[in-house]
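K.L.:
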Amino acid sequence: MPDVAHAYESLSAEEFTADEGVEDWRVSGVTAEAVFATGSFVTGLALVNEIGRLAEEVNHHPDLTLTYPRVGVSLTTHDTGTLTTADRDLARAISAAARALGVVADPGSTDA
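Residue numbering for the sequence shown follows numbering that gives the first Met the number 0, starting at 0 and increasing by one per position.
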(Lines of atoms letter the chains of each structure in order from A and count residues from 1; the text may use other names and numbers.)
(Lines give C-alpha, C1' and ligand atoms only; values in the text may rest on other atoms or scores of the structure.)
Protein backbone atom coordinates (compact mmCIF):
# COMPACT_ATOMS: atom_id res chain seq x y z
CA MET A 1 0.00 0.00 0.00
CA PRO A 2 1.58 3.32 -1.00
CA ASP A 3 2.05 5.99 1.64
CA VAL A 4 0.01 9.02 0.64
CA ALA A 5 1.42 11.29 3.35
CA HIS A 6 1.48 14.90 2.27
CA ALA A 7 -0.47 14.16 -0.91
CA TYR A 8 -3.15 16.53 0.36
CA GLU A 9 -3.81 20.19 1.11
CA SER A 10 -5.14 21.82 4.27
CA LEU A 11 -8.76 22.98 4.26
CA SER A 12 -10.54 25.50 6.44
CA ALA A 13 -13.85 24.49 8.01
CA GLU A 14 -15.60 26.66 5.43
CA GLU A 15 -13.76 25.02 2.53
CA PHE A 16 -14.54 21.56 3.88
CA THR A 17 -18.27 22.16 4.32
CA ALA A 18 -18.62 24.02 1.00
CA ASP A 19 -17.58 20.94 -0.97
CA GLU A 20 -20.13 18.57 -2.47
CA GLY A 21 -20.62 15.15 -0.93
CA VAL A 22 -19.95 16.15 2.68
CA GLU A 23 -23.46 17.23 3.66
CA ASP A 24 -23.54 14.49 6.32
CA TRP A 25 -20.55 16.04 8.09
CA ARG A 26 -20.10 18.88 10.55
CA VAL A 27 -16.83 20.51 11.54
CA SER A 28 -15.74 21.08 15.11
CA GLY A 29 -12.34 22.75 15.34
CA VAL A 30 -9.99 20.68 13.18
CA THR A 31 -12.23 17.61 13.14
CA ALA A 32 -15.02 16.57 10.77
CA GLU A 33 -17.65 14.39 12.40
CA ALA A 34 -20.67 12.42 11.27
CA VAL A 35 -23.12 10.08 12.95
CA PHE A 36 -24.89 7.44 10.89
CA ALA A 37 -28.16 5.88 12.08
CA THR A 38 -27.65 2.22 11.19
CA GLY A 39 -30.79 0.83 12.82
CA SER A 40 -29.02 -2.34 13.89
CA PHE A 41 -25.72 -3.50 15.29
CA VAL A 42 -25.14 -5.81 12.30
CA THR A 43 -25.59 -2.95 9.81
CA GLY A 44 -23.34 -0.77 11.96
CA LEU A 45 -20.67 -3.43 11.90
CA ALA A 46 -20.98 -3.72 8.11
CA LEU A 47 -20.48 0.04 7.82
CA VAL A 48 -17.48 -0.03 10.16
CA ASN A 49 -15.93 -2.82 8.09
CA GLU A 50 -16.45 -0.85 4.88
CA ILE A 51 -14.97 2.28 6.46
CA GLY A 52 -11.97 0.19 7.51
CA ARG A 53 -11.50 -1.04 3.95
CA LEU A 54 -11.76 2.49 2.54
CA ALA A 55 -9.34 3.85 5.16
CA GLU A 56 -6.75 1.18 4.41
CA GLU A 57 -6.96 1.91 0.68
CA VAL A 58 -5.88 5.51 1.24
CA ASN A 59 -3.83 5.04 4.44
CA HIS A 60 -5.96 7.61 6.28
CA HIS A 61 -7.71 6.31 9.38
CA PRO A 62 -10.72 7.82 11.19
CA ASP A 63 -11.75 7.35 14.78
CA LEU A 64 -14.88 5.19 14.95
CA THR A 65 -17.54 4.52 17.55
CA LEU A 66 -19.92 1.59 17.03
CA THR A 67 -23.02 1.46 19.20
CA TYR A 68 -26.54 0.23 18.80
CA PRO A 69 -27.95 1.79 16.62
CA ARG A 70 -25.31 4.25 15.37
CA VAL A 71 -21.80 4.65 14.01
CA GLY A 72 -19.85 7.80 14.83
CA VAL A 73 -16.94 8.85 12.63
CA SER A 74 -14.33 11.50 13.33
CA LEU A 75 -11.76 12.65 10.76
CA THR A 76 -8.68 14.85 11.05
CA THR A 77 -5.19 14.78 9.63
CA HIS A 78 -2.98 14.24 12.66
CA ASP A 79 0.36 15.08 11.06
CA THR A 80 -0.84 18.55 10.01
CA GLY A 81 -3.24 19.23 12.87
CA THR A 82 -5.82 20.42 10.34
CA LEU A 83 -8.57 19.22 8.10
CA THR A 84 -7.23 18.32 4.68
CA THR A 85 -8.37 17.13 1.30
CA ALA A 86 -7.66 13.59 2.58
CA ASP A 87 -10.37 14.08 5.22
CA ARG A 88 -12.81 15.51 2.68
CA ASP A 89 -12.19 12.69 0.22
CA LEU A 90 -12.59 9.99 2.87
CA ALA A 91 -15.72 11.71 4.23
CA ARG A 92 -17.25 11.58 0.75
CA ALA A 93 -16.37 7.89 0.40
CA ILE A 94 -17.78 7.06 3.85
CA SER A 95 -21.05 8.85 3.11
CA ALA A 96 -21.34 6.99 -0.20
CA ALA A 97 -20.65 3.67 1.55
CA ALA A 98 -23.34 4.43 4.12
CA ARG A 99 -25.87 5.22 1.39
CA ALA A 100 -24.97 1.98 -0.41
CA LEU A 101 -25.87 0.11 2.80
CA GLY A 102 -29.14 2.03 3.13
CA VAL A 103 -27.80 3.97 6.11
CA VAL A 104 -28.61 7.65 6.59
CA ALA A 105 -26.71 10.29 8.49
CA ASP A 106 -28.15 11.68 11.69
CA PRO A 107 -26.87 15.27 11.51
CA GLY A 108 -28.75 16.28 14.66
CA SER A 109 -26.93 13.70 16.75
CA THR A 110 -23.76 14.63 18.56
CA ASP A 111 -23.11 11.17 19.93
CA ALA A 112 -22.82 7.73 18.44
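A virtual CB, placed ideally from N, CA and C, is assigned to each residue, including glycine.
Is the beta carbon of residue 80 within less than 7 Å of some heavy atom of the ligand FAD?
P.N.:
Within the structure as shown, the ligand FAD is missing, as the structure has no ligands at all.
K.L.:
Residue 77 to residue 84, Cα distance in whole Å?
P.N.:
Taking the straight line joining both Cα atoms gives about 13 Å.
K.L.:
Could you check how far apart the C-beta atoms of residue 69 and residue 43 are, in whole angstroms? I think they sit under 8 Å.
P.N.:
The pair is a contact, with the Cβ atoms about 7 Å apart (cut-off 8 Å).
K.L.:
Can you tell me whether DSSP reads residue 89 as helix, strand or coil?
P.N.:
Helix at residue 89.
K.L.:
Within 10 angstroms of its Cβ, does residue 62 collect 16 or more other Cβ (buried), or is it exposed?
P.N.:
With fewer than 16 Cβ atoms within 10 Å of its Cβ, residue 62 is classed as exposed.
K.L.:
By how many angstroms is the C-alpha of residue 15 removed from the C-alpha of residue 87?
P.N.:
In a straight line, the C-alpha of residue 87 is about 6 Å away from that of residue 15.
K.L.:
What residues are listed by DSSP as bridge partners for residue 69?
P.N.:
DSSP output for residue 69 lists 36 and 66 as bridge partner(s).
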